[in-house]
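76 is the number that this note's numbering gives to position 93 of the sequence shown; each next residue is one higher, with no gaps.
We put the CB at the ideal spot given by N, CA and C, even for glycine.
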Amino acid sequence: MNERSSINIGGLEFGWDIEKGQFIFEGEESVLFWISSAMKEFFDTIEEISGEEASNLVFETTGFRQGLVVGKYFETIKEVGIEEAVELITNTYATAGWGRMTIKDLDLEKKTLVAELKDSWEYKINIAQGKATGGHFLPAHYAGIFTGLFSQNMWYKVVHHQIEGHETTVVEYFPSEISITRNIHELSRKKESTQIAQLNVLVDEKTKELQKLVDTLSSPIIPVLDGIVVVPLIGQFDEMRTEKLIVKTLSSLPSHKAEYLLLDLTGLDRDITPFTTNLIDKMVSAASLIGTKTILVGISSELAISISNAVEDFSKFNCFQTLQHGIYYALGQSGRQII
-16 MNERSSINIG GLEFGWDIEK GQFIFEGEES VLFWISSAMK EFFDTIEEIS
34 GEEASNLVFE TTGFRQGLVV GKYFETIKEV GIEEAVELIT NTYATAGWGR
84 MTIKDLDLEK KTLVAELKDS WEYKINIAQG KATGGHFLPA HYAGIFTGLF
134 SQNMWYKVVH HQIEGHETTV VEYFPSEISI TRNIHELSRK KESTQIAQLN
184 VLVDEKTKEL QKLVDTLSSP IIPVLDGIVV VPLIGQFDEM RTEKLIVKTL
234 SSLPSHKAEY LLLDLTGLDR DITPFTTNLI DKMVSAASLI GTKTILVGIS
284 SELAISISNA VEDFSKFNCF QTLQHGIYYA LGQSGRQII
């Protein structure tokens, strides 16, 4: 072969300039790749990096936008007739090794058609990849071409793929408001929704872990002397936290052989809620049923006012200003003293 040579096949011109390292197809520089090795590796790499869903959109978007570029060329020659232009498209792509495309049911008024693709390079790549479903590069690519040809945004629907065991890949084309930009935005929103959902799950898990830790650390049961235990009440109480504390405390009192339960109110919020007063009332009543007497300690003047305003019969509680006084009282009631 000479350093410069050309050949005409099917009315299309192929040329080579070995000195410049150029391959020319219809006057444009082109490149050649092996389908089942080099191109397969190209597709595999994109899918590996992007993931299946994103890579499908990458191939579809690339195919469509490349089709728009090619469509501009065919748009300039459609004066010869769209039927002739469509026929030229099929011959051009077949000559370039893209497989055979046959156009059926062309409706110029509705701007619809059906394309049958046989043994395309995308089909061969998918075979080499071991896939069971076909790709979307070529269907989207021809949608880009027909968009230019019909001067209207065209989209597609794959009826079935050749790789699924059919003789050909059948694709329907029609005018549509579907666009590549919209598809990209929808995938972005879908990914955002997925990430938000995953974040919500993580937040729920961490919240449960934190709540479990809070339940463990807040209001622990502290045995101070034989028969005397202290339960510090910290923060505010809602219905759930109130019930948990009552159950936890009452189930632990027998194991400590507690005669006296000292509820330390030092850590309570100044704003006493109905749940807090209900907790105190329930705790005293329930503890008495199993033989444990309850003493309230750590009551400041502000807290005393809040509790007296919230509890009707405050006189039924044994109350002391400090924990030390409460312990001394409990010891005295049991006939003991600290020496």
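(Q) Count Cβ pairs between the stretch 107 to 116 and the stretch 34 to 47 that sit closer than 8 Å; are there 3 or more? (A) The stretch 107 to 116 is not in contact with the stretch 34 to 47.
**Q.** 8 Å contact criterion, which residue 95 and residue 156 should meet: CB distance rounded
**A.** Within the sequence shown, the letter at position 112 stands for residue 95. Within the sequence shown, the letter at position 173 stands for residue 156. About 6 Å separates the beta carbons of residue 95 and residue 156, which is inside the 8 Å limit, making them a contact pair.
Q) residue 265 lies in the alpha helix (DSSP H); which residues open and close that run? A) Numbered from its first residue, the sequence shown carries residue 265 at position 282. Its alpha helix (DSSP H) spans residues 257 to 272.
Q) What are the start and end residues of each continuous beta strand (DSSP E) run of 3 or more residues lying completely inside the stretch 93 to 134, in chain order? A) Along the length of the stretch 93 to 134, whole beta strand (DSSP E) runs at least 3 residues long occupy 95 to 101, reported in chain order.
Q. Cα separation between residue 128 and residue 187?
A. Here residue 128 refers to the residue found at position 145 of the sequence shown. Here residue 187 refers to the residue found at position 204 of the sequence shown. Distance between the alpha carbons of residue 128 and residue 187: 49 Å.
Q.
My output table needs one value for residue 276: the three-state DSSP class, helix, strand or coil.
A. The residue given as residue 276 occupies position 293 in the sequence shown. The answer is strand: DSSP assigns residue 276 an E or B state.
Q) Hey, would you say residue 8 sits closer than 8 Å to residue 25, going by beta carbons? A) As a first step, residue 8 must be located in the sequence shown, where it is residue number 25. As a first step, residue 25 must be located in the sequence shown, where it is residue number 42. Result no, Cβ atoms of residue 8 and residue 25 do not sit closer than 8 Å.
Q: Using 10 angstroms around the beta-carbon of residue 84, count the other beta-carbons present and answer buried if the total reaches 16, otherwise exposed.
A: Translated into the one-based positions of the sequence shown, residue 84 becomes position 101. Its Cβ being crowded by 16 or more others within 10 Å, residue 84 is buried.
Q: Only counting runs of 4 or more residues, tell me where the alpha helix (DSSP H) segments fall wholly within the stretch 64 to 91, in order along the chain.
A: DSSP runs (the alpha helix (DSSP H)) wholly in the stretch 64 to 91: 65 to 78.
(Q) Among the candidates 243, 231, 181, 183, whose CA atom is the shortest distance from the CA of residue 209? (A) As a first step, residue 209 must be located in the sequence shown, where it is residue number 226. Answer by Cα proximity: 243.
**Q.** beta strand (DSSP E) segments (min. 3 residues) lying fully within the stretch -3 to 36
**A.** Within the stretch -3 to 36, the complete beta strand (DSSP E) runs of at least 3 residues fall at 5 to 8, 11 to 13.
**Q.** Proximity of residue 260 and residue 270 at Cβ, strictly below 8 Å
**A.** Numbered from 1 along the sequence shown, position 277 holds the residue referred to as residue 260. Numbered from 1 along the sequence shown, position 287 holds the residue referred to as residue 270. With contacts defined by Cβ atoms closer than 8 Å, residue 260 and residue 270 do not form a contacting pair.
Q: Determine the DSSP secondary structure at residue -12, reduced to helix, strand or coil.
A: Position 5 of the sequence shown, counting from 1, holds the residue named residue -12. It is a strand residue.
Q: For residue 240, name the three-state secondary structure that DSSP assigns.
A: For the purposes of this step, residue 240 is identified with residue 257 of the sequence shown, where counting begins at 1. Of the three classes helix, strand and coil, the one that applies to residue 240 here is coil, per DSSP.
Q.
Quick check on residue 16: buried or exposed, where buried means 16 or more other Cβ atoms within 10 Å of its Cβ?
A. By one-based count along the sequence shown, residue 16 stands at place 33. Residue 16 should be labelled exposed.
Q) If you check the beta carbons only, do residue 313 and residue 248 fall under 8 Å apart? A) Residue numbering aside, residue 313 sits at position 330 when the sequence shown is read from its first letter. Residue numbering aside, residue 248 sits at position 265 when the sequence shown is read from its first letter. Contact: no.
(Q) Distance check for residue 288 and residue 252, CA to CA, integer angstroms please. (A) Looking up residue 252 in the sequence shown gives position 269. Looking up residue 288 in the sequence shown gives position 305. Cα to Cα, residue 252 sits roughly 13 Å from residue 288.
Q: For residue 307, name the three-state secondary structure that DSSP assigns.
A: Residue 307 sits at position 324 when you count from the first residue of the sequence shown. In the three-state DSSP reduction, residue 307 falls in the helix class (H, G or I).
Q: Report the residue from -9, 117, 81 whose alpha carbon sits nearest the alpha carbon of residue 103.
A: What you label residue 103 is simply residue 120 of the sequence shown in a count that begins at 1. With distances taken between CA atoms, residue 103 lies nearest to 81 out of -9, 117, 81.
Q. To the nearest angstrom, how far is it from the Cα of residue 153 to the Cα of residue 130?
A. For this step, residue 153 is matched to residue 170 along the sequence shown. For this step, residue 130 is matched to residue 147 along the sequence shown. Distance from the CA atom of residue 153 to the CA atom of residue 130, rounded to whole angstroms, is 18 Å.
Q: Would you tell me roughly how many angstroms separate the C-alpha atoms of residue 125 and residue 88, rounded to the nearest one?
A: What you label residue 125 is simply residue 142 of the sequence shown in a count that begins at 1. What you label residue 88 is simply residue 105 of the sequence shown in a count that begins at 1. Going by the C-alpha atoms only, they are around 16 Å apart.
(Q) Applying the 10 Å Cβ sphere with the 16-neighbour rule, what's the burial state of residue 28? (A) Within the sequence shown, residue 28 is the residue found at index 45, counting from 1. With fewer than 16 other CB atoms across the displayed protein chains lying within 10 angstroms of its CB, residue 28 is exposed.
Q. What residues match up with residue 155 in a beta bridge as DSSP calls it?
A. As a working mapping, residue 155 is identified with position 172 in the sequence shown. Bridge partners of residue 155: 97, 140.
Q) Whose C-beta lies closer than 8 Å to the C-beta of residue -16 among residues of the same chain, with five residues either side of it excluded? A) The sequence position of residue -16 within the sequence shown is 1, counting from 1. Annotation note: pLDDT 48 at residue -16 (below 50); position unreliable, no value reported.
Q: In the DSSP assignment, find the unbroken beta strand (DSSP E) run with residue 206 in it and report its ends.
A: Numbered from 1 along the sequence shown, position 223 holds the residue referred to as residue 206. From DSSP, the beta strand (DSSP E) with residue 206 extends over 205 to 208.
Q: Please go through the same chain and pick out, in chain order, the residues whose beta-carbon is closer than 8 Å to the beta-carbon of residue 274, but skip the five residues on each side of it.
A: In the sequence shown, residue 274 corresponds to position 291, counting from 1. So the list reads 242, once near-sequence residues are dropped.
(Q) Rounding to the nearest angstrom, what Cα-Cα distance links residue 262 and residue 225 in this structure? (A) The residue given as residue 262 occupies position 279 in the sequence shown. The residue given as residue 225 occupies position 242 in the sequence shown. Near 6 Å, if we compare the C-alpha coordinates of residue 225 and residue 262.
Q | Simplified DSSP assignment, three categories, for residue 318 | A | Residue 318 sits at position 335 when you count from the first residue of the sequence shown. It is coil, neither helix nor strand.
Q. In or out: residue 43 buried (at least 16 other Cβ within 10 Å) or exposed?
A. Taking the sequence shown and counting its residues from 1, one reaches residue 43 at position 60. Classification of residue 43: buried, given that the 10 Å Cβ count is 16 or more.
(Q) Let's see if you can read the secondary structure: which residues bound the beta strand (DSSP E) around residue 218? (A) In the sequence shown, residue 218 corresponds to position 235, counting from 1. 211 to 218 is the extent of the beta strand (DSSP E) around residue 218.
Q. Bridge partners of residue 247, per DSSP?
A. Numbered from its first residue, the sequence shown carries residue 247 at position 264. As DSSP reads the structure, residue 247 sits in a beta bridge with 215, 280.
Q.
According to DSSP, residue 301 sits in a beta bridge with which residue or residues?
A. Position 318 of the sequence shown holds residue 301. Paired residue(s): 278.
Q | Option nearest residue 162 by Cα separation, candidates 45, 282, 316, -13 | A | Position 179 of the sequence shown, counted from the first residue, corresponds to residue 162. Answer by Cα proximity: 45.
(Q) Which same chain residues end up closer than 8 Å to residue -11 when comparing Cβ atoms and leaving out the 5 residues on each side of it in sequence? (A) As a working mapping, residue -11 is identified with position 6 in the sequence shown. Residues -4, -3, -2, -1, 7 of the same chain have their beta carbon placed closer than 8 Å to that of residue -11, with the five preceding and five following residues left out of the count.
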